[in-house]
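Accompanying notes for the structure given below.
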Amino acid sequence: MTLTVYDTEGKSNSTSANVTIYARPVAEFTISGEHFVDHELTFNGTKSRDDDGMITSYFWDFGDGTNSTGNLTTHVYHANGTYWVNLSVIDNDGLIGFKSESITIGLGTPIADFEIIRPSPYYVDETLTFNASKSKADGGTIINYFLDWNDSTIDDTAEPLINHTFTQPKVYNVTLIVTDSDGKTSAPTSKNVPVILRVLLEVMPENVTADPPNGTFKINVTVANVDDLKSFKFTLSWPKDWLPPTYDLLDYVEAKAGDFLGPERYPNGTRRWNFIPVPDDGEGYVNVTGIFTDVVPVGERRGNGTLATITFQVKASGNATLDLKDTILQYPNGSMIVHSIKNDGYFYTTEPVANFTYSPPHPAVNEPITFDASASYDPDSPSVPILNYTWDFGDYNITSVTGTLENPPSPIIDHSYEENRTYTIILFVTDDDGETWNITYPLTVVSGHDVAIIAIEPSKFAFNETSGEYETSGELPINVTVMNSGNAPEEIFNVTLYATNTTHTFEIGTQTVRVSIGSPKNVTFLLYAFKWNDINTLQKGNYTIGANITWVEYDSDPNNNWFEDGVVRVYVAGDIPIDGVRDGVCNMRDIGECCNAFGSNPEQPKGNPNADLNYDGNVNMRDIGIACNNFGNRDP
């Protein structure tokens, strides 16, 4: 290279120097192989070149946090996605060349994956749900799931949720293979599934029978498949109430330690366990606790066996569930042993159950009584009918009703008594096996029924001393007093209140009452004042108040079932008289009267009995509410 310079006089001078120009290296590479996850790819940079020398260094950045050197290398991507691959080359002159290229890594063949939808432990004969929806396809969808259960069975399905039950304890190597919509099949994915026997408690035998009055039976509460039992607790219950004559079905006799506990003491006298039954026969249960002492090794606290043997005496015919509940099994460290109750016990007698009802509950002399033995049954054959009902009515009348399996006898019969006294009714029933049982109930026959209405009285706060009448322009409580004057301990009947004017009788309401003998009882009705737009209230005017008792069969004096007493004057609802005058409309004046008397009673200085629209003796929000609800009411 030569440099020449000139001045203003045209003179010049030159100088020369040698300059060397180096060429930058060129980075080139190719990628070969399947562009899928977990497939090896080859990266070839041998076509990189340096035109004036040689390449001395190759550096690869694969875009996933890893790198490599050399002109030829391999790499495996472990996740799908798009990556930028960068190759840097250095030549013998120290110059650098670069090249970047993106590469997309697909899933390629589908990937099989599955899980069980609940955590372990997993038990024999338990249905497990396997979820294979985590399996993945590259671009397509999974269309088939093939599962080898390692128990000589397989499932081939299009559904990702698959149920399976293992019937033996074992560690099963379950294998899943999936196929996608492109027809590609995954590599097998296998997982171990440990299946164990569930710890079970049960009552054995499950069904047991014995007969009254003094039959006995034993049941065992057993444990199975337990590994390291330190202590146990459970409650066994049975019906605490039954039918007469004993009112007990079962009597608890005793509870003894079972064979799982082994001998109480070692030969040297050392205690092995404590066994504590706490019965409550009246409530129908026994609580049982068993605890191994610390000297008992684990080998003597595992396996199967009986925890307790419980003895009962049968007092009556019937059937019952022996309910095993509140069960606790514990390891030595106090943690709970997961377990299930396989079954409760069931007790029944071969002798039938006798039972009946009668109606009416307090019959009178010569009144027909219906006896119904439909509740009788045979515990050992509940669907087979009773074949004979024999009724001893306690008045020297014994009636037997017999039938067949094809034409069973009626359990219902009528009877009446000629004298008032208490009778002992005995029902005998016989089943298809010829077994018989009976039940006894007392029945009191009264001389007669006599219910009466003895008084009708509106609220005293509605009485107008000037007019001498009861008046209402709101809600008037009316008390009807009834009496049971007969011999029946209790009577149940309906009472209806009426209001009658010169042209019509209006029903105010009906109530059912229950009245004990000799005790008067008040029944309160509400009479509502006239509202022009409400057909359920009374028109303005005078009404005579009466009440009636619905007919009671065999009532000795039905004439006192009707009672009429007094007149009530009905005004427009909410219309309060001022200085003795009502204006025939409910308006702000009436609401103001309520507000002025608010919080008072008739005895107080500001008390206004006319503002007490519900006649409870106080002017309060209820009265203001009645006035507001009827605002605008007027006499038509």
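Counting in numbering that gives the first Met the number 0, the final residue of the sequence shown is number 635, and the numbers go up one at a time with none missing.
Beta carbons: idealized from backbone N, C-alpha and C, even for Gly.
Computed from a prediction, not measured in an experiment: that's the story for all the values here.
{"Item": "Using only CA atoms, which one of Asn224, Val194, Val444 lies nearest to Phe392?", "Value": "Val444"}
{"Item": "My guess is that Leu426 and Ala372 are in contact by the Cβ rule of under 8 Å, so how many angstroms apart are they, rounded?", "Value": "6 Å"}
{"Item": "Could you please give me the residues that DSSP links to Ile153 through a beta bridge?", "Value": "Asp147"}
{"Item": "Under 7 Å Cβ to Cβ from Asn437, same chain only, skipping five residues before and after it: list those, please.", "Value": "Ala353, Ile425, Leu426, Phe427"}
{"Item": "Flag this pair as yes or no: are the beta carbons of Pro211 and Thr310 separated by less than 8 Å?", "Value": "no"}
{"Item": "With Asn636 as the anchor, note down where its alpha helix (DSSP H) starts and where it stops.", "Value": "Since the first residue of the chain shown is 0 and the last is 635, residue 636 is not available in this structure."}
{"Item": "Look at the alpha carbon of Pro381 and the alpha carbon of Pro407, and state the distance between them as a whole number of angstroms.", "Value": "14 Å"}
{"Item": "Using the C-alpha atoms, what's the distance from Ser31 back to His77?", "Value": "17 Å"}
{"Item": "Leu306 bridges to which residues according to DSSP?", "Value": "Answer is none; Leu306 lacks a bridge partner."}
{"Item": "In this structure, what does DSSP give as the bridge partners for Ala363?", "Value": "Val445"}
{"Item": "What three-state label does DSSP hand Met482 in the structure shown?", "Value": "strand"}
{"Item": "For Val481, which option in Glu468, Arg513, Ser466, Arg197 has the closest C-alpha, if you only look at C-alpha atoms?", "Value": "Arg513"}
{"Item": "Just mark Ala157 as buried or exposed, buried being the case when its beta carbon has 16 or more other beta carbons within 10 Å.", "Value": "exposed"}
{"Item": "Do Ala315 and Thr423 come within 8 Å of each other at the CB atom, strictly closer than that value?", "Value": "no"}
{"Item": "State buried or exposed for Asp449, treating a residue as buried only when at least 16 other CB atoms are found within 10 Å of its CB.", "Value": "buried"}
{"Item": "Kindly identify the DSSP beta-bridge partner or partners of Leu248.", "Value": "The partner list for Leu248 (beta bridge, DSSP) is empty, contrary to what the question assumes."}
{"Item": "Please confirm whether Asn130 and Phe113 have their CB atoms less than 8 Å apart.", "Value": "yes"}
{"Item": "Entirely within the segment 310-350 and at least 3 residues each: give me those beta strand (DSSP E) ranges in chain order.", "Value": "318-329, 338-342, 344-347"}
{"Item": "For Val285, is the classification buried or exposed, using 16 other Cβ atoms within 10 angstroms of its Cβ as the cut-off for buried?", "Value": "buried"}
{"Item": "Could you pull the start and end residues of the alpha helix (DSSP H) that Met587 belongs to?", "Value": "587-595"}
{"Item": "Which whole-angstrom value is the C-beta distance of Thr398 and Ile385, which I expect to be below 8 Å?", "Value": "Actually they do not touch by this definition, with Cβ atoms about 15 Å apart."}
{"Item": "Could you name each continuous beta strand (DSSP E) segment of 3 residues or more that falls completely within the segment 479-527, going from the start of the chain to the end?", "Value": "489-499, 504-515, 520-527"}
{"Item": "Measuring straight from C-alpha to C-alpha, what distance separates Asn224 and His338?", "Value": "10 Å"}
{"Item": "Whose C-beta lies closer than 8 Å to the C-beta of Thr465 among residues of the same chain, with five residues either side of it excluded?", "Value": "Gly579"}
{"Item": "In whole angstroms, give me the CA-to-CA distance for Asp636 and Asp279.", "Value": "With the chain running from 0 to 635 in the structure shown, residue 636 is simply not present."}
{"Item": "Return the CA-CA distance between Pro367 and His414, expressed in angstroms with no decimal places.", "Value": "6 Å"}
{"Item": "Is the segment 185-198 in contact with the segment 157-170, if contact means three or more CB pairs nearer than 8 Å?", "Value": "yes"}
{"Item": "Cβ atoms of Thr152 and Asp124: under 8 Å apart, would you say?", "Value": "no"}
{"Item": "Between the Cα of Val287 and those of Thr221, Pro378, Tyr330, spot the shortest distance and give me the residue it belongs to.", "Value": "Thr221"}
{"Item": "Output the boundary residues of the beta strand (DSSP E) element that contains Asp564.", "Value": "561-569"}
{"Item": "Under the rule that 16 or more other beta-carbon atoms within 10 Å means buried, what is Ile590, buried or exposed?", "Value": "buried"}
{"Item": "Do the segment 95-114 and the segment 180-188 touch if we need at least three Cβ pairs shorter than 8 Å?", "Value": "yes"}
{"Item": "Among Thr429, Pro576, Asn43, which has the Cα closest to the Cα of Gly402?", "Value": "Thr429"}
{"Item": "Does the CB of Asp50 have a neighbour CB from chain D at under 8 Å?", "Value": "The structure shown contains no chain D; it holds only a single protein chain."}
{"Item": "Measuring alpha carbon to alpha carbon, tell me which of Val198, Asp574, Val313, Asp37 ends up nearest Val207.", "Value": "Val313"}
{"Item": "Skipping 5 residues on each side, what residues in its chain have a beta carbon closer than 6 Å to that of Thr326?", "Value": "Leu200, Phe233"}
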